[in-house]
Amino acid sequence: MNALIIFSLLLVLMLTGMPISISLGLTVLTFLFTMTEVPIEAVALKLFTGIEKFEIMAIPFFILAGNFLTHGGVARRMINFATSMVGHWHGGLALAGVLACALFAAVSGSSPATVVAIGSIILPAMVKQGFPKRFGAGVITTSGALGILIPPSIVMVMYSVTTNTSVGALFMAGVVPGIMLAFLLGLTTWVLAKKRGYPRMRKATWSERLTAFRRSAWGLLLILIVMGGIYTGLFTPTEAAAMAAVYAFVIAVFVYKDLKLRQVGKVLLDSASMSAMLLYIITNAVLFSFLMTSENIPQEMAAWLTAQGLGQVAFLLVVNLILLAAGNFMEPSSIVLIMAPILFPVAVALGINPIHFGILIVVNMEVGMCHPPVGLNLYVASGITKMGISELTVAVMPWLLTMLGFLMLVTYVPKISLWLPTLVYGPL
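Residue 427, in numbering that gives the first Met the number 0, is where the sequence shown stops; the numbers in between run on with no holes.
Right under this line is the structure:
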């Protein structure tokens with residue numbers, strides 16, 4: 000009964016158009032002060048202790064690194080390198096967009112940042128070369144979603160904080176699925192481009208490819224610094240995020256010199272604003288999780304789901320349906336912070352690996368970012384292309400279907416997620 004009251008109250012507040020973070024906080028306070036005897040001091044204490052975790056520091060650092068790279072010309076050099084490698088295939092510039100998104104995802108940790116950085120440069124070039132704007136928008140909107148699957152990933156950090164799962168293992172687990180999804184999105188692009196006769200580019204010489212690689216090497220080196228540092232145990236994921244922020248600042252301002260020192264203040268302010276927004280959501284989600292735990296709701300839901308006789312196969316299907324439905328109303332951070340504490344105990348009780356479960360949630364979040372009504376990537380792409388959300392929804396459909404097929408593959412073949420982290424950390 001309590002669970003029904005809590006979720007009904009949350010839904011009503013969200014339907015008023017209130018931001019999800021405030022809806023969460025108000026739901027908790029209303030329920031606690033009217034239906035329980037929890038002292039107000041406990042709420043205040045939980046607000047502070049809830050985000051007192053070392054891993055959370057990674058979030059503002061990855062946001063700052065991503066913003067430095069977005070403004071610092073790294074994206075343009077990655078596009079040039081990607082174009083030199085695959086531009087001569089059918090739909091060359093579109094394929095270069097997929098590859099550039101995958102490369103930029105490996106340094107930014109954010110899907111909207113990837114769409115902005117790559118899309119704002121490559122979409123005008125695609126239209127100029129003769130690609131329909133709708134096709135280009137479909138490619139970039141969905142490929143940009145790789146930003147939260149290919150590590151480093153802010154969404155993975157949030158899952159880790161919520162479930163006490165290793166961030167390093169999650170980052171490792173995202174590598175193989177990320178590469179696979181990038182390949183499948185590229186394959187979809189190539190098939191459509193070949194079928195419709197879209198333009199190809201002149202094949203670059205190996206000398207031109209080497210030059211393009213040299214120019215983008217400073218940006219690509221960040222992938223090695225972050226993943227190599229975590230893999231070798233040189234530093235933790237949070238320390239890797241701090242290293243990434245400092246390195247991104249140095250190459251953007253002093254190496255590539257695309258970002259002027261006078262612009263650094265604006266980048267810092269933008270990053271602080273985005274970090275504050277996410278941390279505010281996290282704080283309220285921690286409060287919500289505290290309420291759920293104090294009312295014993297996750298345990299009761301776990302017991303109820305287990306009593307239904309759901310095996311792993313049926314449970315994972317139900318999880319996918321719940322998360323895809325949630326993607327219609329909420330953005331990824333909120334979904335992870337609300338749903339993970341509820342679904343995670345059931346997954347563990349059914350013997351599902353926590354790392355595999357985390358990657359499954361992240362792939363669901365990717366799909367949610369590419370469909371209406373609240374798909375973040377759709378809104379970002381809409382701002383770049385000046386296309387309506389309904390038109391963009393039609394545009395992304397072929398790639399969205401590919402992502403849904405990939406989701407089923409990741410759901411029921413855990414080795415895709417677990418092979419690399421098992422290789423690095425041993426049995427998980």
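A virtual CB, placed ideally from N, CA and C, is assigned to each residue, including glycine. Quantities reported herein were computed from a predicted structural model and do not represent experimental measurements.
Item checked: CA-to-CA distance, G374 to A101, given in whole angstroms -> 19 Å
Item checked: Reduced DSSP secondary structure (H/G/I, E/B, other) of V412 -> coil
Notebook entry, point to check: Going by beta carbon distance, what residues of the same chain come within less than 8 Å of T430, once the five residues before and after it are set aside?
Noted result: The requested residue 430 does not occur in the structure, where the chain is confined to residues 0 to 427.
Checklist line | Inter-residue spacing [alpha-carbon to alpha-carbon] between T141 and I351 | finding: 28 Å
Item checked: Straight-line Cα distance separating F343 from N66 -> 32 Å
Check: Distance, Cα to Cα, V312 vs Y378?
Finding: 34 Å
Notebook entry, point to check: Do I428 and L148 have their C-beta atoms closer together than 8 Å?
Noted result: Beyond the ends of the chain as shown, which are 0 and 427, falls residue 428; an answer cannot be given.
Notebook entry, point to check: If you follow the alpha helix (DSSP H) that S109 is part of, which residue opens it and which one closes it?
Noted result: Segment: none, S109 is in no alpha helix (DSSP H) and carries neither H nor E.
Check: If you count every other CB in all the chains shown that lies within 10 Å of the CB of F130, and 16 or more means buried, which is it?
Finding: buried
Next item on the list: With a 10 Å radius around its C-beta and 16 neighbouring C-beta atoms as the bar for buried, classify L32 as buried or exposed.
Entry: According to the sequence displayed, residue 32 carries Phe and not Leu. Counting Cβ neighbours within 10 Å, F32 comes out exposed, since fewer than 16 surround it.
Notebook entry, point to check: Under 8 Å, do V174 and P151 count as touching if we go by C-beta distance?
Noted result: no
Notebook entry, point to check: Are the CB atoms of I383 and S107 nearer to each other than 8 Å?
Noted result: no
Margin query: As an exercise, report each continuous alpha helix (DSSP H) stretch of at least 4 residues that is fully enclosed by the stretch 122 to 174, in chain order.
Written below: 132 to 142 and 153 to 162
Check: L180 and F356: beta carbons closer than 8 Å?
Finding: no
Notebook entry, point to check: How is K52 classed by DSSP in three states: helix, strand or coil?
Noted result: coil
Check: Which value, in whole angstroms, describes the spacing of the CA atoms of F212 and F80?
Finding: 6 Å
Notebook entry, point to check: How many whole angstroms separate the CB atoms of V362 and V409, which I take to be in contact at a CB cut-off of 8 Å?
Noted result: 5 Å
Notebook entry, point to check: Helix, strand or coil for P18 per DSSP?
Noted result: coil
Check: With contact counted as at least three CB pairs below 8 Å, one residue from each stretch, are the stretch 53 to 71 and the stretch 244 to 251 in contact?
Finding: yes
Next item on the list: Work out the CA separation of E299 and L309 for me, nearest whole Å.
Entry: 15 Å
Note to self: Measuring only the C-alpha atoms, how far is L438 from E40?
What the structure shows: Only positions 0 to 427 of the chain appear in the structure, and residue 438 is not among them; the question remains open.
Next item on the list: Whole angstroms is fine: what's the gap from V266's alpha carbon to M273's?
Entry: 11 Å
Margin query: Restricting to runs no shorter than 4 residues, where is the alpha helix (DSSP H) found entirely within the stretch 198 to 256?
Written below: 205 to 222, 228 to 231 and 236 to 249
Item checked: Inter-residue Cα distance where the pair is V393 and N327 -> 16 Å
Next item on the list: Decide if W205 is buried, meaning its Cβ has at least 16 other Cβ atoms within 10 Å, or exposed.
Entry: exposed
Check: Rounded to the nearest angstrom, how far is the Cβ of N428 from that of A93, given a contact under 8 Å?
Finding: The shown model of the chain, from 0 to 427, leaves out residue 428, and the question about it has no answer.
Note to self: Can you list, in chain order, the residues of its chain with a C-beta nearer than 8 Å to that of A172? Leave out the 5 residues immediately preceding and following it.
What the structure shows: I354, H355, G357, I358, S416, L417, L419 and P420
Check: Within this structure, are the beta carbons of E54 and V166 separated by less than 8 Å?
Finding: yes
Notebook entry, point to check: When you compare only the Cα positions, how much space is there between V345 and A302?
Noted result: 8 Å
Margin query: When you compare the CB positions of A244 and A64, do they come within less than 8 Å of one another, or not?
Written below: yes
Checklist line | Rounded straight-line distance, which links the Cα of T292 to that of V395 | finding: 39 Å
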